[in-house]
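S.K.: One rule links them: number in this note's numbering = place in the sequence shown (from 1) + 22. Every residue gets a Cβ at the ideal spot worked out from N, C-alpha and C, and that includes glycine.
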Amino acid sequence: MLEHIGLDYPANNGPRLLFADHHEKIEKACDALRAATYGEDSLELIARYRAFERAMLEHMAAEEEQILPAYAAEAPDEAAEIRATHDELRRQLYGLGVEVELHCVRAESLEQIVKTLRAHAAREDARMYPWAQVHLPLRTKEELVTRIARSLRSLAP
Ligand SMILES: [Fe+2]
Ligand SMILES: [Fe+2]
């Protein structure tokens, strides 16, 4: 349990729920970024982009460091596709960051990243997270819960 940081995700059932919640919050952070593109406040736009970027990078790094090495032994093709999509998402994020710096965020760029994110989330929810829930050592699950809960709190509300 993580009452000490205000979240309730028991490690024996935590990562699956927590990563799904994180996907949802990341998409909301993208919505907030989209809303900021209609405003005049460029600092607000940059802050929204940074929050979205930080959460995305942390989410993918946690999966790559703490789930994918073990998952690759079980499902190598699936793990490779997830890594490839992470690379694609980082590429799209970088492109979006350039547009933010230039103050000309294109609606298509946001739509593309949301589309990639949703398909990726559905794939992970269907297979990798249920596997991780059952097979990762308890200690790894506890570390993931702490790590992702920290990112979730930084995205709240
Ligand atoms: Fe992922
Ligand atoms: Fe994920």
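Three-state secondary structure (DSSP) at Pro-159?
M.R.: Correct three-state label for Pro-159: coil.
S.K.: Using 8 angstroms as the threshold, is the C-beta distance between Phe-74 and Leu-55 below it?
M.R.: yes
S.K.: Between which two residues does the alpha helix (DSSP H) holding Ala-84 run?
M.R.: 64-88
S.K.: Let me know the secondary structure DSSP gives Gly-28 once reduced to three states.
M.R.: Residue placement at Gly-28 cannot be trusted, given a pLDDT of 47 that sits under 50; the coordinates are not used to answer.
S.K.: Does DSSP put Arg-105 in a helix, a strand or coil?
M.R.: helix
S.K.: Given 7 angstroms as the limit, tell me if Glu-49 has its C-beta closer than that to any heavy atom belonging to ligand 1.
M.R.: no
S.K.: Look up Tyr-60 in the DSSP assignment and say whether it is helix, strand or coil.
M.R.: coil
S.K.: Would you check whether ligand 2 has a heavy atom nearer than 7 angstroms to the C-beta of His-81?
M.R.: yes
S.K.: Do Pro-37 and Leu-124 come within 8 angstroms of each other at the CB atom, strictly closer than that value?
M.R.: no
S.K.: Just to confirm the assignment, what range does the alpha helix (DSSP H) spanning Glu-133 have?
M.R.: 129-145
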